[in-house]
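Here the working numbering = 1-based position in the sequence shown + 1.
One structure is given here, and the rest of the page talks about it.
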Amino acid sequence: MTEPSSITRAMRAGIGTDISAGAVIPPIHMSTTYTFADFNEPREHDYARAANPTRELLADAIVTLEGGAGGVVCASGMGAITTVLLALLTSGDSIAIPHDCYGGSWRLFHRLADKGHFTVHTVDFTDTEAACATVRELAPTVVWLETPSNPLLRITDLSLIIAAAKEVGARSVVDNTFLTPVLQRPIELGADIVVHSTTKYLNGHSDVIGGAVVAARAEDAEMCDFWAKTSGTMGTAFDSWLVLRGMRTLPVRMKAHEVGASAIANALQGHPQVHAVHYPGLPDHPGHEVAARQQSGFGGMVSFELAGEAQVRAFIDGLQCFSLAESLGGTESLISHSVTMTHASMSPAALAKAGLCDGLLRLSVGLEDPEDLIADLYAGLDRAAVA
Ligand SMILES: *Cc1c(COP(=O)(O)O)cnc(C)c1O
């Protein structure tokens, strides 16, 4: 038999490896400490902040899916991002970040810059030509990328920006939370490091806060592992076990999320109450061609615009199948109003510059029957029409 695919190998991570009882599903190792085999004879594990078998199993599964050389499981997506910053940046260095990156990342980069840890440059990476020129001119230490963006699902051409970064010796890091390695593999496109909030699709059940770092090269993976165990950003055994359980259904979930999202995007487009639909799978989406080339699917997130706040209120009040909540990637459908929720800390000027209006709603399309989801949204649009 030929070598099984990365998906098959990741789905079988740890299956049937338990030697104590022959359990098919690998057990959780909760112990914080491990015996020495004898005087001055440590075993492979000694203390669980440094290394834990359950956490290692999850790291292996994610590394396999991303096609990396190694990785580390962290306590949260922000913990993963912090670990990468500790590993890659020294004072005097600089980092180029997307002008519309995840709000938590934005805050971390800027507050650390305020304290003098490094310099931050914000760039619109979706304008490929201008962004490549800016990267060549700035020659930053790190280029941070996130695609599709939140909440407008704008697409960054990873290969071209990463190539420009390489020309000037910059390291490229991609936050791959929105698509997961099932739909996008940044290391194959040249990225040095991939980060995840496993809180979202990788766990997929909205019951764990977690994160992960995957590095293309073993020495970077070792450096991230060193900083995770040294700073304590690493994840717990119980959370790792839950995320590994969630990931066993990742490929089928991602397909089903996409079927629902694409049906919803098509149903919303052209509706008289809907002023715009943002979904990279729609042929008229500005990033459609790049997305079709660099992704193996368009994902489960859709955003769209109503006329304004009155319509949004009427639309939301009465939804049956969408919960009004932040976050994404779970089996349940969620709806969020960017301006008052995820992006509430942005000034009106910054919101306008980022193209976020009062009527903008973001959907994390869950695994419910797409027909029910569309009927629920249509009923909301009827309410919005008389608001
Ligand atoms: C949620 C999220 C994060 C932060 O992850 P936490 O697990 O909440 O710390 C980072 N990047 C993206 C794109 C996210 O959606």
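Glycine residues also receive a C-beta, built at the ideal position from the N, C-alpha and C atoms.
Exposed unless 16 or more other CB atoms sit within 10 angstroms - verdict on residue i
i	result
Met2	exposed
His111	exposed
Asn41	exposed
Asp221	buried
Ser346	exposed
Tyr280	buried
Leu90	buried
Phe299	buried
Pro141	buried
Thr55	buried
Lys116	exposed
Leu325	exposed
Thr36	exposed
Thr199	buried
Arg137	exposed
Ala350	exposed
Val253	exposed
Ile20	exposed
Residue i Cβ short of 7 Å to ligand 1 heavy atom set
i	result
Asn204	no
Ser241	no
Ile162	no
Met79	yes
Phe40	no
Asp176	yes
Tyr103	yes
Phe323	no
Phe179	yes
Thr142	no
Ser198	yes
Asn151	yes
Ile210	yes
Glu147	yes
Ser106	yes
Lys201	yes
Proximal residues to residue i (C-beta, below 6 Å), its chain only, five neighbours per side dropped
i	result
Thr65	Ser7, Arg10, Ala11
Cys102	Glu147
Ser77	Ile210, Gly212
Leu364	Val303, Ile336
Val291	Ile156, Asp158
Gly15	Pro27, Leu58
Val278	Ala266, Leu269, Gln270, Phe305
Lys201	Thr178, Leu329, Gly330
Span of the beta strand (DSSP E) around residue i
i	result
His122	120–124
Ile194	194–198
Gly212	212–216
Glu147	143–147
Cys75	71–75
Ala277	277–279
Residues bridged to residue i (per DSSP)
i	result
Leu364	Val303, Ile336
Ile96	Val121, Val143
Tyr48	Thr34
Met224	In DSSP, Met224 forms no bridge with anything.
Glu42	Asp39
Met12	For Met12, which the question treats as bridged, DSSP gives no partner whatsoever.
Leu325	Ile336
Met235	Cys75
Where the alpha helix (DSSP H) containing residue i begins and where it ends
i	result
Gly105	104–115
Cys133	129–139
Val174	No alpha helix (DSSP H) contains Val174, which is instead part of the beta strand (DSSP E) from 172–176.
His289	289–295
Leu90	Here Leu90 belongs to no alpha helix (DSSP H), and DSSP marks it neither H nor E.
Ser263	251–269
Ala385	371–386
Glu57	54–67
Glu310	310–317
Pro182	181–184
Cβ neighbours of residue i in the same chain (closer than 7 Å, five flanking residues each side left out)
i	result
Gly17	Val25
Ala264	Pro371, Ile375
Leu190	Leu159, Ser160, Ile163, Gln295
Ala385	Gln274, Leu307, Gln312, Ala315, Phe316
Ile352	Before going on, a small fix: residue 352 reads as Leu here, not Ile. Answer for Leu352: Val340, His344, listed in chain order.
Leu87	Trp228, Ser232
Asn204	Gly211, Leu243, Val244, Gly247
Ala70	Ala216, Ala217, Arg218, Ala219, Ala222
Proximal residues to residue i (C-beta, below 8 Å), its chain only, five neighbours per side dropped
i	result
Gly381	Ala315, Phe316, Ile317, Gly319, Leu320
Ala192	Leu146, Leu159, Ile163, Ser173, Val174, Val175, Ala217
Ala131	Asp125
Lys167	Ser173, Gly191
His122	Ser95, Ile96, Ala97, Ile98, Thr135, Leu139, Pro141
Arg249	Met12
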